[in-house]
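Residue numbers (the working numbering), protein chains in the order written: chain A, 6 to 338; chain B, 6 to 338.
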C-alpha cells in the first residue's frame, strides 16, 4: 500500500494549484451554480446567493471533473452534475451549522447566525430540492438515482451521529461507518458520476467510487481532528462544537480508549457538564499522541484511495487525483 | 362558476368515505411508504417510522390516485408516486413543526417535541432525499423533474413566508402567491403525475394540475383560518402559531384591512409584543366577519377547482374529485 503522508503542510493555494487541469470547467460549473441559484423574489435571492458562498474547497465538483478528465473528456452533463454535487454539499453545510450552533463558516457568518435557524432549515431544503431538480434535467435517471441514494445515506449517517452523541462507548468501527455514510458517500457519488458520464466501464465506475469513498473517510477524520485540535482562524469556521455536543469522533474515542478508572470517569463528567472538557481534551490529545493516531488512521484510507487508482493510465488529471489524498491529510483548513 | 359551499360540516370519516374508490390502492401505496421507511439502524428506524405516522389526511396521494382512476387505470408507477408525494409532504411537516415550535401534530408529539430540533432537521432531510430516490426508480425523468421543481417551489414559498413575518403591509395578492407556492404546488404536482402516468394528453395533464392548484389554495386558506379560529382538540395540532410568529395569513390580513388609526396601531403593537394578540384577534374576527371572508375566498378557489374538471366524463373517481373541494372547505381538522 502506498504511503501518502510526508509531513509537509499544505495551504489553500496548494489546492488551487491541484485544480489547474480543470480550472476552466470548475469555473463553468461555478457559473451554472450561480445562475441556478437566483430567485425572482429578493428575500429568497439574497439567501440562496449567500448560501452559495459558504462552500469553500469545491472538493466534490473537483472530484467529479477530475474523474471525467482522467477517463476522457468533460461533457456538459459533467458540468451540470458538478454544480449539483456542490449544491447538495452546500445544503448539508447550511443544515450542519444549525445542528452545531455554529456562527462562523469560511470566515463568514453562518446562515443561522445571519438570519435564524428557521430560515436556515428552509434554505437548506431549497438547495436540496433545487439540486434534485437540476439533476433531473439530464436525459437518464442514473444521476437522480445515484444522487438520491447517496444523499439519503448522508442523512442516515448524520442521524446516526446525532443519536450517538453522549455515547462514549461507541466503537471505532461504528464511527468509521458513520463518517463513511455522512461524508464519504457524497465523495464516492461525485467520482461515480464523473466516471459513468464519461462512459467508463462498470469496473472503472466502481474503482473511482472506491477512490472517492476512501478519500472521503480520510477527509472526515482530518475534519474531526481539526475540530478538536485545529486553529479557528486558519480553519475559518467554528471549532470545538463536536466536544460541546459530546459527539464521539475519532480523537475523543482514542483518548477515551487510553483512559481508565477515575481519570476516565472524571473526563466523561467534565464533557457531560460542559465545564473544561476542551482544555482537558487538549492535554490528553498530547499525552496519548492522539493527533498522530488520527493522522495514521486517515493515512490508511488516503493510501487506499491511491491504491484504488493503481491500474489507471497516467495523465494530468490522474496525477492530481493521486495527489489529492495527501492534500486532504495535510490541510490545516 | 359552480358553488361548492353548502354549510354542512364534514368529519374525518367523511374523508375516508370519499377515498372509497381508491381504498385498495391507497393501502398499497401506504405499504410502499412503510416498506421504504425502514432503516437497518435502530435509532434511524425509530425516527423514520414515527415521522411516517404524522401525516393524516393522505390528501396528496389520494389526489394522485383519484386523478389516475378518473382517467383510466392506476398503475404500479402511480402507487410508487403516491408514496413519494406523501413522503415529501411528511418531510415538509417535520420541518414546519420546527419553524412553528409546534409540539402537537395529529394528536401526537411532533418530532421536535419527542426528540429535538436537530434530529428533526435531519429526519426531514432523510425523508426528502428518500422520496427523490424513490421517484428516480421510475423509468423516465419526468417524475423527478416534476417533483424536484414542485418541491423547490414549496421551499421558495416557505422562505417568502418566513421572510414576510412581521410584514403587516403584505398584500392579499402576495399572500395568495405564497400559499400557492408552499401548498398548492405539491397538490398540483400530485394531480399532474396522476394524469401524466395515466398517459393523459398534455391538455388533460394541465387541466388536472389546475384542479390541484386551486384545491391546494382553498385548502391552505382554510388551514390558515383554522390556525386562528379552530379548536385545537378537533384540529389535533398546535394552533395559534401563525399569530405568535406574526405570520401574515388571510384572516390577519383581513382584520388589518378593516382596522384604521389608533385601533390598528394598538393591535399591531399587541401582536409584536406577543401579549394578548390572540384574544384581540378573536374579537376582531367576529366583529369584521373575517371567518366568512376567508370561507368566501376559499370558495372561489374550490369552485375554480370544480370548474377545471367541467369537461371530464363522469365516473366514480371524477365524482369524488368534484366533491373534494367541498370537504376541504368544511373540514374542521
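Think of the CB as a built atom: it goes at the ideal place given N, C-alpha and C, for glycine as much as any other residue.
Residue 259(A) - containing alpha helix (DSSP H), residue span: Along the first chain, one-based indexing puts residue 259(A) at 254. That run of the alpha helix (DSSP H) goes 255-263.
Chain-ordered neighbours of residue 156(A) on chain B, where CB pairs are closer than 7 Å: Within the first chain, numbered from 1, the residue matching residue 156(A) stands at position 151. Residues of chain B passing the Cβ test: 134.
Cut-off 8 Å between Cβ atoms - residues of its own chain near residue 142(B), not counting five sequence neighbours on either side: Against the second chain, residue 142(B) aligns to sequence position 137. If we look at residue 142(B) and ignore the five residues flanking it on each side, its Cβ neighbours are 85.
Per-residue contacts from residue 164(B) into chain A (C-beta, under 9 Å): As a first step, residue 164(B) is located in the second chain; it is residue number 159 there, counting from the start. Going along chain A in sequence order, the residues near residue 164(B) (Cβ under 9 Å) are 44, 46, 48, 49, 52, 53, 124, 127, 128, 130, 131.
Contacts of residue 141(B) in chain A (Cβ-Cβ under 7 Å): In the second chain, residue 141(B) corresponds to position 136, counting from 1. Result: 146, 149, 150, 153.
Cα-Cα separation, residue 196(A) to residue 320(A): Locating residue 196(A) in the first chain gives position 191, counting from the first residue. Locating residue 320(A) in the first chain gives position 315, counting from the first residue. Near 17 Å, if we compare the C-alpha coordinates of residue 320(A) and residue 196(A).
Spatial neighbours of residue 115(A) in its chain, beta-carbon cut-off 7 Å, leaving aside the 5 residues before and after: For the purposes of this step, residue 115(A) is identified with residue 110 of the first chain, where counting begins at 1. The residues are 102, 107, 108, 109.
Under the three-state DSSP convention, the category residue 109(A) falls into: The residue labelled residue 109(A) in the question sits at position 104 within the first chain. Here residue 109(A) sits in strand by DSSP.
Residue-level contact to chain B via CB, residue 263(A), 8 Å cutoff: Looking up residue 263(A) in the first chain gives position 258. With 8 Å as the cut-off, residue 263(A) does not count as an interface residue toward chain B.
CA-to-CA distance, residue 152(A) to residue 190(A), given in whole angstroms: As a working note, residue 190(A) is residue 185 in the first chain. As a working note, residue 152(A) is residue 147 in the first chain. Going by the C-alpha atoms only, they are around 10 Å apart.
Distance, residue 236(A) Cα to residue 20(B) Cα: Residue numbering aside, residue 20(B) sits at position 15 when the second chain is read from its first letter. Residue numbering aside, residue 236(A) sits at position 231 when the first chain is read from its first letter. Approximately 59 Å, taken between the alpha carbons.
Coarse secondary structure for residue 63(B), derived from DSSP in three states: Residue numbering aside, residue 63(B) sits at position 58 when the second chain is read from its first letter. DSSP places residue 63(B) in coil when its eight states are reduced to three.
Assigned exposure category for residue 164(A) - 16 Cβ within 10 Å defines buried: As a position in the first chain, residue 164(A) is number 159, starting the count at 1. Buried, since its Cβ has 16 or more Cβ neighbours within 10 Å.
Cβ of residue 194(B) within 8 Å of any chain A Cβ: For the purposes of this step, residue 194(B) is identified with residue 189 of the second chain, where counting begins at 1. It does not; no Cβ of chain A falls within 8 Å.
Members of the stretch 80-96 of chain A near chain B, C-beta cut-off 7 Å: none
Outcome for residue 99(A) when other beta-carbon atoms lying within 10 angstroms are tallied against a minimum of 16: Walking along the first chain from the start, residue 99(A) turns up at place 94. Buried, since its Cβ has 16 or more Cβ neighbours within 10 Å.
CA-to-CA distance, residue 216(A) to residue 314(A), given in whole angstroms: Locating residue 314(A) in the first chain gives position 309, where the first residue counts as 1. Locating residue 216(A) in the first chain gives position 211, where the first residue counts as 1. Taking the straight line joining both Cα atoms gives about 7 Å.
Cβ neighbours of residue 82(B) in the same chain (closer than 7 Å, five flanking residues each side left out): Residue numbering aside, residue 82(B) sits at position 77 when the second chain is read from its first letter. The residues are 143, 202.
Beta-carbon spacing of residue 131(A), residue 154(B) below 8 Å: To locate residue 131(A), count along the first chain from 1; it is residue 126. To locate residue 154(B), count along the second chain from 1; it is residue 149. For residue 131(A) and residue 154(B), no; Cβs fall outside 8 Å.
Sequence-distant residues of the same chain with beta carbon closer than 6 Å to residue 310(A), five excluded per side: Stepping through the first chain from its first residue, residue 310(A) is reached at position 305. If we look at residue 310(A) and ignore the five residues flanking it on each side, its Cβ neighbours are 216, 219, 220, 330.
Candidates 282(A), 276(A), 265(A), 228(A): closest to residue 302(A) by CA position: Within the first chain, numbered from 1, the residue matching residue 302(A) stands at position 297. For residue 302(A), the nearest C-alpha among the options comes from 228(A).
Three-state class that DSSP yields for residue 114(A) in the structure shown: As a position in the first chain, residue 114(A) is number 109, starting the count at 1. In the structure shown, residue 114(A) sits in a strand (DSSP, three-state: E or B).
Sequence-distant residues of its chain with Cβ nearer than 8 Å to residue 289(B) (five each side left out): Here residue 289(B) refers to the residue found at position 284 of the second chain. 260, 263, 264, 272, 295, listed in sequence order.
Closer than 8 Å to chain A by CB, residue 68(B): What you label residue 68(B) is simply residue 63 of the second chain in a count that begins at 1. Chain A contact via Cβ: absent.
Contact set between residue 216(B) and chain A, taken where Cβ atoms lie within less than 7 Å: Residue 216(B) sits at position 211 when you count from the first residue of the second chain. Here the premise fails: no neighbours, minimum Cβ distance about 23 Å.
Helix, strand or coil at residue 39(B) according to DSSP, with G and I counted as helix: For this step, residue 39(B) is matched to residue 34 along the second chain. Residue 39(B): helix per DSSP, three-state reduction.
Reference residue 233(B), options 253(B), 162(B), 214(B), closest by Cα: Position 228 of the second chain, counted from the first residue, corresponds to residue 233(B). Of the listed residues, the one whose Cα sits closest to residue 233(B) is 253(B).
Backbone CA spacing between residue 134(B) and residue 246(A) [nearest angstrom]: The residue given as residue 134(B) occupies position 129 in the second chain. The residue given as residue 246(A) occupies position 241 in the first chain. Spanning the two alpha carbons is a distance of roughly 26 Å.
Status (buried if at least 16 other CB within 10 Å, exposed otherwise) for residue 326(A): Position 321 of the first chain, counted from the first residue, corresponds to residue 326(A). Buried, by the Cβ-count rule.
Proximal chain B residues relative to residue 161(A), where beta-carbon distance stays under 8 Å: For the purposes of this step, residue 161(A) is taken as residue 156 along the first chain, with counting starting at 1. Ordered by position in chain B, the residues that pass the 8 Å Cβ test against residue 161(A) are 44, 46, 49, 131.
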